[in-house]
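Chemist:
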Amino acid sequence: MPDDNRDQAGRPSPDALLEKARAETRGRLKIFLGAAPGVGKTYEMLVSGRAKIADGLDVIIGVVETHGRKETEALLTGFEIIPRVEISYKGRALEEMDLDGILARRPDLVLVDELAHTNAEGSRHPKRYLDVKELLDRGIDVYTTLNIQHVESLNDVVSQITRIRVRETVPDSIIDLADDVEIIDLTPDDLIKRLHDGKVYMPRTAERALTNYFTPGNLTALRELALRKTAQRVDDQLLTHMQAHAISGPWAAGERVLVSVDHHPRSASLVRYAARMASRLRAPWAAVYIETNRSINLTEAERDIVAATLRLAEQLGGEAITIPGREVAEELVRHATANNVTHIVIGAPKKPTWRDWWSRSITDELIRKTGEISVHVISGSEKDGTTARGVRAAATAPPLDFRAYLLATGYVAIALGVGVVLDQVLDVRNLALVFLMAVLTSAVLHGLRPALYSCILSALSFNFFFLPPRYTLTISDPESVLALFFFLGVAIIASNLTATVQRQAAAARQRARTTEDLYLFSKKLAGTGTLDDVLWATAFQLASMLKVRVVLLLPEEGSIAVKAGYPPDDTLDDADIAAARWAWEHNHAAGRGADTLPGAKRLYVPLRTGRTAVGVIGLDSDRRDGPLLTPEQQRLLDALADQAALAIERIQLVADVDRARLAAEADRLRSALLTSISHDLKTPLAAILGAAGTLRDYFASMPEEDRSDLLSTVVDESERLNRFIANLLDMTKIESGAMEPNHALHYAGDIVGSALRRAAKILDGHKTEMSIPADLPMVRVDPVLFEQVIFNLLDNAAKYAPEGSVIQIGGWADADSVVVQISDEGPGIPPADLTRVFDTFYRVRKGDQVRAGTGLGLSICRGFIEAMGGTITAGNRTGRPGAVFTIRLPKPTDIPKLDELR
1179 MPDDNRDQAG
1189 RPSPDALLEK
1199 ARAETRGRLK
1209 IFLGAAPGVG
1219 KTYEMLVSGR
1229 AKIADGLDVI
1239 IGVVETHGRK
1249 ETEALLTGFE
1259 IIPRVEISYK
1269 GRALEEMDLD
1279 GILARRPDLV
1289 LVDELAHTNA
1299 EGSRHPKRYL
1309 DVKELLDRGI
1319 DVYTTLNIQH
1329 VESLNDVVSQ
1339 ITRIRVRETV
1349 PDSIIDLADD
1359 VEIIDLTPDD
1369 LIKRLHDGKV
1379 YMPRTAERAL
1389 TNYFTPGNLT
1399 ALRELALRKT
1409 AQRVDDQLLT
1419 HMQAHAISGP
1429 WAAGERVLVS
1439 VDHHPRSASL
1449 VRYAARMASR
1459 LRAPWAAVYI
1469 ETNRSINLTE
1479 AERDIVAATL
1489 RLAEQLGGEA
1499 ITIPGREVAE
1509 ELVRHATANN
1519 VTHIVIGAPK
1529 KPTWRDWWSR
1539 SITDELIRKT
1549 GEISVHVISG
1559 SEKDGTTARG
1569 VRAAATAPPL
1579 DFRAYLLATG
1589 YVAIALGVGV
1599 VLDQVLDVRN
1609 LALVFLMAVL
1619 TSAVLHGLRP
1629 ALYSCILSAL
1639 SFNFFFLPPR
1649 YTLTISDPES
1659 VLALFFFLGV
1669 AIIASNLTAT
1679 VQRQAAAARQ
1689 RARTTEDLYL
1699 FSKKLAGTGT
1709 LDDVLWATAF
1719 QLASMLKVRV
1729 VLLLPEEGSI
1739 AVKAGYPPDD
1749 TLDDADIAAA
1759 RWAWEHNHAA
1769 GRGADTLPGA
1779 KRLYVPLRTG
1789 RTAVGVIGLD
1799 SDRRDGPLLT
1809 PEQQRLLDAL
1819 ADQAALAIER
1829 IQLVADVDRA
1839 RLAAEADRLR
1849 SALLTSISHD
1859 LKTPLAAILG
1869 AAGTLRDYFA
1879 SMPEEDRSDL
1889 LSTVVDESER
1899 LNRFIANLLD
1909 MTKIESGAME
1919 PNHALHYAGD
1929 IVGSALRRAA
1939 KILDGHKTEM
1949 SIPADLPMVR
1959 VDPVLFEQVI
1969 FNLLDNAAKY
1979 APEGSVIQIG
1989 GWADADSVVV
1999 QISDEGPGIP
2009 PADLTRVFDT
2019 FYRVRKGDQV
2029 RAGTGLGLSI
2039 CRGFIEAMGG
2049 TITAGNRTGR
2059 PGAVFTIRLP
2069 KPTDIPKLDE
2079 LR
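When you read off a place in the sequence shown, starting at 1, and then add 1178, the result is the number in this note's numbering.
1. Along the chain, where does the alpha helix (DSSP H) containing Gln1493 start, and where does it finish?
2. Count the other CB atoms, across all protein chains shown, that sit within 10 Å of the CB of Ala1757; report buried if there are 16 or more and exposed otherwise.
3. Are the stretch 1984-1991 and the stretch 2009-2016 touching by the rule of at least three beta carbon pairs closer than 8 Å?
4. Going by beta carbon distance, what residues of the same chain come within less than 8 Å of Ala1869, once the five residues before and after it are set aside?
5. Return the first residue and the last residue of the alpha helix (DSSP H) that Leu1698 is part of.
6. Please work out which residues of its chain come closer than 8 Å, Cβ to Cβ, to His1328, disregarding the five sequence neighbours upstream and downstream, and give them in chain order.
7. Considering only residues of the same chain and omitting the five flanking positions on each side of Leu1651, which have a CB-CB separation below 8 Å?
8. Just curious, the alpha helix (DSSP H) that Ile2065 is in, first and last residue?
9. Under the rule that 16 or more other beta-carbon atoms within 10 Å means buried, what is Glu1274, buried or exposed?
10. Can you check whether the CB of Val1996 is closer than 9 Å to the CB of Val1930?
11. Got a sec? Which residues, its chain only, sit under 7 Å from Asn1396 by beta carbon, not counting five neighbours each side?
12. Going by DSSP in three states, Asp1291 sits in which element: helix, strand or coil?
13. Using beta-carbon positions only, say whether Ile1318 and Arg1284 come within less than 9 Å of one another.
14. If you compare alpha carbons, which of Pro2005, Asp1960, Val1957, Val1962 is closest to Ala1975?
15. Which residues bound the alpha helix (DSSP H) around Ser1722?
16. I'd like to check one pair, Phe1210 with Glu1360: are the Cβ atoms closer than 9 Å?
17. Please give me, in chain order, every unbroken run of the alpha helix (DSSP H) with length at least 4 that falls completely inside the stretch 1909-1974.
18. Output the distance between the C-alpha atoms of Tyr1221 and Leu1313, rounded to the nearest integer angstrom.
19. Is DSSP giving Gly1625 helix, strand or coil here?
20. Which partner residues does Val1437 have in the DSSP bridge list?
21. From the DSSP output, in three-state form, read off Ile1829 for me.
22. Would you list the residues sitting across from His1554 in a DSSP beta bridge?
23. So Thr1787 packs on Glu1827, CB below 8 Å; how close in whole Å?
24. Would you mind working out which of His1924, Pro1955, Val1962, Leu1954 sits nearest Ala1933, comparing C-alpha positions?
25. Given that a residue counts as buried once 16 or more other Cβ atoms are within 10 Å of its Cβ, and exposed if not, what is Ser1445?
26. Taking contact to mean at least 3 C-beta pairs separated by less than 8 Å, is the stretch 1503-1512 in contact with the stretch 1537-1547?
27. How about Met1956 and Leu1923: do their beta carbons lie closer than 9 Å?
28. Please report the straight-line C-alpha distance between Arg1607 and Arg1691, rounded to a whole angstrom.
29. Does the distance from the C-beta atom of Gly1218 to that of Leu1403 stay below 9 Å?
30. Could you check whether Pro1919 and Ala2045 sit closer than 9 Å to each other, using their CB atoms as the reference points?
31. Just to confirm before moving on: does the CB-CB distance between Val1237 and Leu1289 stay below 9 Å?
32. Using 10 angstroms around the beta-carbon of Phe1877, count the other beta-carbons present and answer buried if the total reaches 16, otherwise exposed.
33. Measure the alpha-carbon distance for Ala1672 versus Val1679 and round it to whole angstroms.
34. Using DSSP with H/G/I as helix, E/B as strand and the rest coil, what is Asn1325?
35. Let me see if you follow: with CB-CB separation under 9 Å, is Val1794 close to chain B or not?
36. With 16 other CB atoms within 10 Å as the buried threshold, where does Lys1725 fall?
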């Protein structure tokens, strides 16, 4: 929140001092920020670390990823590197930063690469930036690296630019926590050259990156994002420094625009001018309304203008600020200097020139007091004002309260009685103070009008009962005339001031209640996750705060339908349906009290965001005629409707993203299925048709050996086609939940041997080695399903491993499971594909860039194994190329003993 610093001019900002104190109690964080991978963030971090070692600091490496870059690896010499810890995850050993080891070592500075990294399951924190935050809280300085695409607030922007959604993100609060942000900048041409030279990725990966991500346009856009994010952080640091040291601005290191708004219709044009200026300067901006004592006397129409103008500022991307104060110019200058504002936009004075003789205009005062701040005086256009509501407001004049006037009469009567008693000991002119007390009491308890009535009644009573000649309204003494005149004047002024204070206090209490209700409503909306919850919360809040009946309508199949109500109500007559539909289609109020379709039972107000209308609110009350809401209630409705519309849009956007993701997944599966059918069905069918046609046409003249080969081709391709169709049927059973394994105790070695015999033709060009001990515990499996799993794994190994290589099948038992492992001597599985190889229709590319298989075999393996209560994982062999698939099945606890089987 901006620091107004109204009551402590010339003193440091408490918030800035508190932030500075927090920074002194924790470690310092420096982020090396880059626009893209390969710009040299890690290299620069290591260079800076070596400089700190030369300065005598204790510097260690927590984790650094060199990615095989020789110049980066050379910089590791001379650093103490904390060994990483191994964490077992799904049968694989993953290495992560040793947080406890660093805390125990307690260096002055630790280097931590890749701030956005996601830690393996089982780590203390799910994200590396949380590890860094703990190091900072323990007083350890941290150097770290980050790419701009990992910043949470820029995730959507980066996705739009690169068409790639980054899953690992860092909250903006971590960047705000940084004491220093150093931009590591490299021009797009230089970075692309580094890619071509193999200094960023391996040649094949670099070629794909240049095609998809590292295009000149993408890199230029990402570079601008990185530079702007760094400039924004530096600007925030400058503002905090100025506030902590009570430095009055502006320091024009960055531009900030402020526009002063009031109750005149031209304020809307001033806001639009400020928005255009801020857009040209690429600067943040705010609209400020100074709420003075005179604001309490504004009419409802003028209050509407102020509220609509501030809403317009928020819609145009600015910040709306209301500041209570005594003088507009003084408060504007205070706010501007405290927040390093460089430009102030204000309207030209409208009062006559002759009034400047005894009081300067706000514009003149502002120009005299702003110093180095540029002041833009704009005439503004009242025709360019805010859009009219189109809804008539209910009368707000309070009914005549006779009770207040009776009580005011009573206070005067009491004062008269007290005056009669004191008349014996006090001078008559002192008795006026007793009546003045009655006037003030009426003003405090009942407001201005009863106080003025009390004032007149007190003056008449004082004259009639106490001024000579008594018991007449005639005054004989000129001094008494003067005393009565001053009594009346003092009473009127005092009653007016007291009533004003009373109105201000009542307005402040009402504002506090409204603000509290709006805060609780926004908090409730933030915690809702479904559309029904948002609609119910909105209907209840509107009904309770506005004292009306509420229905909420949302678009549905080209029309609009009731989705919620309080009290529950889903019946609308034809006039109401027409008014609701018109309000939604035209984004303007309709119905009762509105300019359009006023014959409807309810008033319909559109729920709109910056993009479009998302729904309609229908309001009704027990009063059957006339306008429905007072101006104050209309402004409250605007605030509630804005929050509700944003919450509804948020829920709808989440649903849209989910639908888009499901549609994309469906498209991917459909495309993969069509590809599989077109290739894996057509290829064997073509072979079968070709062999069968040749046999039919040339059977008699063909040698026996050729006929045998063609018949073998027909059989082999038919078996291949049969396997493919069986895989499709099995996958359908798994996804439909119709798979019901027939469990029984079996020896794994027997099932593996059966699968080897069945796969003999597939493995004809490979060697197989099976090492499953005879005493391996039996497992509770479906033998048909388990054999199919082993067959699919053997088929996969034969596809990817070169001819003549060895396929090994091993088995052993550990504490609570039986393990069967199949390994080959192929190229292995790319690390990025290890968790995806079991996805339906996903296929790893072979070395010749041709996809093999249907992408169903491994997915079926996982489905079958999980149906039997086990797990299957993929990995790579250590020390040599090749893939490893590991099956773990629970060890049965009810295996019968040998003598029980006899």
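The C-beta atom is built at its ideal place from N, Cα and C for all residues, glycine as well.
Modeler: Let me spell this out:
1. The sequence position of residue 1493 within the sequence shown is 315, counting from 1. First-last of the alpha helix (DSSP H) with Gln1493: 1478-1493.
2. Working through the sequence shown from its first residue, we reach residue 1757 at position 579. Buried, by the Cβ-count rule.
3. With the cut-off at 8 Å, the stretch 1984-1991 and the stretch 2009-2016 do not touch.
4. As a position in the sequence shown, residue 1869 is number 691, starting the count at 1. Closer than 8 Å at the Cβ level, and outside the excluded window around Ala1869, lie Leu1888, Leu1889, Thr1891, Val1892, Glu1895.
5. Against the sequence shown, residue 1698 aligns to sequence position 520. From DSSP, the alpha helix (DSSP H) with Leu1698 extends over 1656-1704.
6. Taking the first residue of the sequence shown as 1, we reach residue 1328 at position 150. Answer for His1328: Leu1293, Ala1294, Val1344, Glu1346, Thr1347, Val1348, listed in chain order.
7. On the sequence shown, position 473 is the one that residue 1651 refers to. The residues Leu1638, Asn1641, Phe1642, in chain order, have a CB closer than 8 Å to that of Leu1651 in the same chain once the five nearest residues on each side in sequence are set aside.
8. As a working note, residue 2065 is residue 887 in the sequence shown. Per DSSP, Ile2065 lies in no alpha helix (DSSP H) segment; the continuous beta strand (DSSP E) that holds it begins and ends at 2061-2068.
9. Taking the first residue of the sequence shown as position 1, residue 1274 is located at position 96. By the neighbour-count criterion, in which a residue is buried when 16 or more other Cβ atoms sit within 10 angstroms of its Cβ, Glu1274 is buried.
10. Counting from 1 along the sequence shown, the entry for residue 1930 is found at position 752. Counting from 1 along the sequence shown, the entry for residue 1996 is found at position 818. Contact: no.
11. Numbered from its first residue, the sequence shown carries residue 1396 at position 218. These residues qualify, in order along the chain: Ile1339, Thr1340.
12. Within the sequence shown, the letter at position 113 stands for residue 1291. Reduced to three states, the DSSP call for Asp1291 is coil.
13. Translated into the one-based positions of the sequence shown, residue 1318 becomes position 140. Translated into the one-based positions of the sequence shown, residue 1284 becomes position 106. Contact flag set, yes.
14. Here the question's residue 1975 lines up with position 797 in the sequence shown. Measuring from the Cα of Ala1975, the nearest candidate turns out to be Pro2005.
15. Here residue 1722 refers to the residue found at position 544 when the sequence shown is read from its first residue. Membership of Ser1722 in the alpha helix (DSSP H) is indicated by the continuous run 1709-1724.
16. Locating residue 1360 in the sequence shown gives position 182, counting from the first residue. Locating residue 1210 in the sequence shown gives position 32, counting from the first residue. Their beta carbons are under 9 Å apart, which means Glu1360 touches Phe1210 by this criterion.
17. Taken in chain order, the complete alpha helix (DSSP H) segments of 4 residues or longer contained in the stretch 1909-1974 are 1926-1936.
18. Counting from one through the sequence shown, the residue named residue 1221 turns up at place 43. Counting from one through the sequence shown, the residue named residue 1313 turns up at place 135. Taking C-alpha positions only, Tyr1221 is separated from Leu1313 by approximately 22 Å.
19. Counting from 1 along the sequence shown, the entry for residue 1625 is found at position 447. Coil, per DSSP.
20. Counted from its first residue, the sequence shown places residue 1437 at position 259. Answer is Ala1465, Val1523, bridged to Val1437.
21. Along the sequence shown, read from residue 1 onward, the residue named residue 1829 stands at position 651. Three-state result, Ile1829: helix.
22. The count along the sequence shown starts at 1 and reaches residue 1554 at position 376. BP columns for His1554 point to Val1523.
23. Mapped onto the sequence shown, residue 1787 falls at position 609. Mapped onto the sequence shown, residue 1827 falls at position 649. Right, their Cβ atoms sit about 5 Å apart.
24. Within the sequence shown, numbered from 1, the residue matching residue 1933 stands at position 755. Measuring C-alpha to C-alpha distances from Ala1933 to each of His1924, Pro1955, Val1962, Leu1954 identifies Val1962 as the nearest.
25. Position 267 of the sequence shown, counted from the first residue, corresponds to residue 1445. Burial state of Ser1445 is buried, judged by a 10 Å Cβ sphere holding 16 or more other Cβ atoms.
26. Three or more pairs of CB atoms, one per stretch, sit closer than 8 Å, so the stretch 1503-1512 contacts the stretch 1537-1547.
27. Along the sequence shown, one-based indexing puts residue 1956 at 778. Along the sequence shown, one-based indexing puts residue 1923 at 745. Contact flag set, yes.
28. Within the sequence shown, residue 1607 is the residue found at index 429, counting from 1. Within the sequence shown, residue 1691 is the residue found at index 513, counting from 1. Cα atoms of Arg1607 and Arg1691: separation of roughly 45 Å, rounded to the nearest angstrom.
29. Within the sequence shown, numbered from 1, the residue matching residue 1218 stands at position 40. Within the sequence shown, numbered from 1, the residue matching residue 1403 stands at position 225. Taking 9 Å as the cut-off, the Cβ atoms of Gly1218 and Leu1403 do not count as close.
30. Position 867 of the sequence shown holds residue 2045. Position 741 of the sequence shown holds residue 1919. Yes, Cβ-Cβ distance for Ala2045 and Pro1919 is below 9 Å.
31. In the sequence shown, residue 1237 corresponds to position 59, counting from 1. In the sequence shown, residue 1289 corresponds to position 111, counting from 1. Contact flag set, yes.
32. On the sequence shown, position 699 is the one that residue 1877 refers to. Under this definition Phe1877 is an exposed residue.
33. As a position in the sequence shown, residue 1672 is number 494, starting the count at 1. As a position in the sequence shown, residue 1679 is number 501, starting the count at 1. Going by C-alpha positions, Ala1672 is about 11 Å away from Val1679.
34. Here residue 1325 is taken as the residue at index 147 of the sequence shown, counted from 1. DSSP places Asn1325 in strand when its eight states are reduced to three.
35. Here chain B cannot be found, since the structure has a single protein chain.
36. For this step, residue 1725 is matched to residue 547 along the sequence shown. Counting the other Cβ atoms within 10 Å of the Cβ of Lys1725 gives fewer than 16, which makes it exposed.
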